[in-house]
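Numbering (my numbering), first residue to last: 165 to 475. Glycine included, C-beta positions come from ideal geometry on N, C-alpha and C.
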């Protein structure tokens with residue numbers, strides 16, 4: 165059992181696009197929720213450099229979201245033609261954007277993300293930061309409109325849609341905020357890093373619980389049985405995502421311990437360890453989101469298991 169090359173490309177492009185949109189949400193919301201606790205309102209060179217780095221990352225995330233979104237769009241257009249030819253895919257882009265839910269949501273999300281980045285500016289005005297976070301949250305939530313729940317309809321479909329929205333928002337706050345935390349940890353002294361990391365850790369606990377609960381609900385309806393979990397491509401990719409998610413929890417637990425050491429005489433050493441650990445957590449988090457993108461391109465495991473039994 166192996167995934168086709170075209171499905172992998174579509175899934176990876178989708179995953180990177182989603183990861184970038186989560187980063188936009190995590191950066192804008194995280195700036196208010198934890199980054200400012202570490203940066204304070206100081207006008208030091210380190211603080212200014214960190215703020216500038218966060219702004220650059222935010223804008224870079226938007227560029228990545230657009231680039232990956234366009235690749236995803238082309239891949240979906242080629243897939244829709246059934247020809248595997250780039251020329252046919254390019255010709256199908258306009259109808260895909262004009263006539264499909266996928267096209268409409270992609271355009272709307274791109275516009276909303278652009279508005280979020282514009283509203284954030286340099287991060288100097290709190291109201292604009294809050295507006296940016298709200299717009300970025302809307303862009304993330306709209307991604308759920310391309311999930312399996314939105315396609316199903318009915319009570320089960322509505323439940324899956326709501327849980328996917330919560331799942332994506334929680335992932336955005338946690339995984340999408342990691343790079344901002346990384347920037348702050350590197351720039352500020354251990355006591356300021358402690359303030360930012362402590363706030364992030366509290367937020368992270370809420371996000372992890374939300375992700376776990378919503379993932380369990382999604383798995384119940386989309387996988388359903390052990391046979392579907394172990395005998396389908398969807399189930400195997402979901403298993404890989406579960407293993408990486410467990411790794412993320414283990415890394416986060418280690419980071420929580422290191423955070424408590426930031427206010428000890430060994431704080432500088434703890435800060436270096438925490439920085440490296442968060443960098444690893446960021447890489448694993450990106451892998452989780454990319455797997456999620458591949459998962460969203462696959463038919464639900466429960467449906468494939470039923471087809472297998474019927475055959």
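- In terms of Cα proximity to residue 265, the closest of 327, 308, 347, 281 is 308.
- Closest by C-alpha distance to residue 372, out of 341, 400, 334, is 334.
- Burial is judged here by how many other beta carbons sit within 10 angstroms of a residue's own beta carbon; residue 188 has at least 16 and is buried.
- At a Cβ-Cβ threshold of 7 Å, residue 401 and residue 183 do not count as neighbours.
- Within the same chain, 192, 222, 292, 293, 296 come within 7 Å of residue 284 by CB-CB distance, once the 5 residues on both sides are set aside.
- Within a 10 Å sphere around the beta-carbon of residue 255 sit fewer than 16 other beta-carbons, which makes this residue exposed.
- In the DSSP assignment, residue 168 falls outside any alpha helix (DSSP H) and carries neither an H nor an E.
- Two segments are said to touch when three or more pairs of C-beta atoms, one from each, lie closer than 8 Å; by this definition the stretch 194-204 does not touch the stretch 266-281.
- The Cβ neighbour count for residue 213, taken over all protein chains shown within 10 Å, is under 16; the residue is labelled exposed.
- For residue 332, the closest of 355, 302, 342 by C-alpha to C-alpha distance is 302.
- In this structure, the alpha-carbon of residue 347 lies about 13 Å from that of residue 358.
- Here residue 398 is near residue 462, since their CB atoms are less than 7 Å apart.
- Taking C-beta separations shorter than 7 Å and ignoring five residues to either side along the sequence, the partners of residue 178 in its chain run 236, 457, 460, 461, following chain order.
- By the C-beta density criterion, residue 390 is exposed, having fewer than 16 other C-beta atoms within 10 angstroms.
- The beta carbon of residue 233 lies closer than 7 Å to those of 181, 270, 274 in the same chain, with the five residues before and after it left out.
- About 19 Å separates the beta carbons of residue 416 and residue 354, which is beyond the 8 Å limit, so they are not a contact pair.
- Looking at the backbone, the Cα of residue 385 and that of residue 290 are separated by about 41 Å.
- Comparing C-alpha distances from residue 361 to each of 344, 377, 374, 375 shows the shortest one belongs to 344.
- Secondary structure of residue 259 (DSSP, three-state): helix.
- About 25 Å separates the beta carbons of residue 287 and residue 369, which is beyond the 8 Å limit, so they are not a contact pair.
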